[in-house]
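Protein sequences, first through last, are from chains B and P.
According to numbering that gives the first Met the number 0, the residues represented by the first sequence are 0 to 262, in order.
According to numbering that gives the first Met the number 0, the residues represented by the second sequence are 0 to 252, in order.
We treat Cβ as the ideally placed atom computed from N, Cα and C, and that holds for glycine.
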Amino acid sequence: MKASGQRARSIRRAVVTLAAAAALYELMARSGLFPAALVPTLPAVARTLTAMLLDGSMLRHAAYTLYRLLFGLGLAIAVGLPLGILMGRFRAVEHFFLPLASVLMPIPSLAWVPVFILWFGIGDTTTILIVFYAATFPMLLNAWSGVRSVNPLWLRAAGAMGAQGQALFWKVIIPGASPFIITGFRQAVLRAWIAVVGAEIIAASAWGLGWVIFDAKEFLNADVMLASLAVIGGLGFFFERVVLGSIERATILRWGMVRAAKN
Amino acid sequence: MHQIEVRDVTLVYDTPAGRVPGVQDVSFSLEASEFLCIVGRSGCGKTTLLNILAGFLAPAAGEIRIGGKVVTGHGLDRGIVFQDFAQLFPWRTALENVAFGLEMKGVPKAEREGIALKQLQLVKLEKFAQSYPHHLSGGMQQRVAIARALAYNPAVLLMDEPFAALDALTREEMQRILADVWRETRKTVIYVTHNVAEAVFLADRVVVMTPHPGTVKAQVPIRLPRPRDPLSIEFLEYQKELLRHLTEQAAEA
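As structure tokens, this is what we get:
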């Protein structure tokens, strides 16, 4: 089985799943059980989406959301990844930060939005910080677990071959922890999406995919809401399957450290 | 002077059940280029002893000298091969695994890869240089591990039952390959095993260890020409002798 063939099959399977879900929705929309304004048909949503893409407004909304998402996510990785690794390496760092993480982590990021609005006002800063808050903990905890679960045999073998300090860290511990680190990326991206859309609903002014949904509610524009949701879904799919999928294929799948599901 | 001297080495494990002697007053020595097998049943302290030799454990009493120098911690004078196939780094190709020790020594890339490739040729795996470990069979992975332990040219090769998890046919093939590798490199080898036939096939001399506490029961030089025939009368006589040492101790226990 060639990789390209597998790729085509994987795309075909995804299309089948999505088409089935769409057909089910369309059936519901056309059943006459719901008002067409509240449950618009897919062609109606597609028309709205096309119009918003063509006039550039949807692109601008998406660009704002992506800016906040990536900025917050970048901060979360820049802080959570090294901190989690240090927690796994040094007792003192673990002792200091673990209670803090345990207290802050269960608080839903959106619960902070009103507080952050008071501190930072409405706009990008608040949204970015909410994303940062939401995405840091999964990154941190997975990096921490990853470092602690590096196979001790690798450390022994590396030590016997004279690896220590920086070399041991970069050439053994980080790749050894990579399945966890990639899981951390994945969970951070998911949490970041939830946070960015939620925060935009509450704290954004005039732009952003979350804001579109909230704003459309005022005018009963269900088609606009669904168009925005479709864009969020599409972008999320891109991050999960294309970005994280390629990182996985280039590293832990290639190294056999995780396996693709069989059949 | 002997190349390796193990003198009165004792190690006691502190366990929740109290102090358990691991090895007690173990002494033996090796000449350069000698192939020594340590044979014993599980729990006789043979792996503990190897871990002390490797520098992963410090003895409570006694000392080990390699080339006259007392061993403290691990060092590039010893190459180590473990039993577990997972000892290879899955994120490195066979070649990159073998080159790791040289990389740590700061040998330039082209040079270390040249050396690594030669080591892979020695274990007949040069065709798999670019393969990742998960694409190799267990026997191949252990051969890569041997090449990796030899690549930085240590004085001594320490091996902890490297073929114990392989099927019998593969194990015999591995033993033949290892015998060839030893003939070509003339390394001093300390090889731990519970397999008596393996010890007779490989060793110049066999140290028999008995448990509770782990002590040296006997030392048996194997005076057979190489390559050895496992079906010859003399080979079987040596096996019987080693088994007798091992079972006598079981009867006493």
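C-beta neighbour in chain P for residue i, strict 9 Å
i	result
B/R155	yes
B/N141	no
B/G145	no
B/T250	yes
B/G183	no
B/G158	yes
B/G175	yes
B/V38	no
B/A162	yes
Three-state class that DSSP yields for residue i in the structure shown
i	result
B/Y63	helix
P/Q23	strand
B/G183	helix
P/G42	coil
B/L97	helix
P/T246	helix
B/G233	helix
B/R88	helix
B/G197	helix
P/T187	strand
B/D214	helix
B/M0	Below a pLDDT of 50, predicted positions are generally treated as unreliable, and B/M0, at 48, falls in that range; no measurement from the model is reported.
B/M224	helix
B/S56	helix
CB contact flag (residue i, residue j, <9 Å)
i	j	result
P/T192	P/I3	no
B/D222	B/A43	yes
B/V130	B/W153	no
B/V230	B/A61	yes
P/H133	P/P161	no
B/I106	B/A202	no
P/G44	P/T71	no
P/L177	P/I145	yes
P/V5	P/S28	yes
B/A133	B/G235	no
B/L80	B/A142	yes
P/L156	P/R64	no
P/V207	P/G66	no
Residue i at chain B interface by Cβ criterion, 9 Å
i	result
P/P161	no
P/Y12	no
P/K45	no
P/Y151	yes
P/M103	yes
P/G100	yes
P/E4	no
In DSSP terms, what residue i is bridged to
i	result
P/A217	P/V207
P/G78	P/L156
P/A60	P/T9
B/F305	Past the edges of chain B, shown from 0 to 262, lies residue 305 of chain B, and the structure says nothing about it.
P/I3	P/L29, P/I65
P/T192	P/V38
P/R18	P/D13
Residue-level contact to chain A via CB, residue i, 9 Å cutoff
i	result
P/R142	Here chain A cannot be found, since the structure's protein chains are B and P.
Discussion item. By the 7 Å beta-carbon criterion, what residues does the region 173-201 of chain P contribute toward chain B?
Written reply: Under the 7 Å Cβ criterion, the region 173-201 of chain P contributes no residue.
Worksheet item: Taking any Cβ of chain P, which residues in the region 210-239 of chain B have a Cβ under 8 Å from it, in chain order?
Response: Taking 8 Å as the Cβ-Cβ cut-off against chain P, none of the residues of the region 210-239 of chain B qualify.
Worksheet item: Going along the region 66-83 of chain P in order, which residues come within less than 8 Å of chain B, judged by CB to CB distance?
Response: Those residues of the region 66-83 of chain P that come within reach of chain B (Cβ to Cβ, closer than 8 Å) are H73, G74, L75, R77, G78, I79, F81, D83.
Item to complete: Taking only beta carbons into account, state which residues of the region 81-110 of chain B come closer than 7 Å to chain P, listed in chain order.
Response: Of all residues in the region 81-110 of chain B, none is placed with a Cβ closer than 7 Å to any Cβ belonging to chain P.
Worksheet item: In the region 112-138 of chain P, which residues sit with their C-beta less than 9 Å from some C-beta in chain B, listed in chain order?
Response: Taking 9 Å as the upper bound on Cβ-Cβ separation, chain B lies near residues Y131, P132, H133, H134 of the region 112-138 of chain P.
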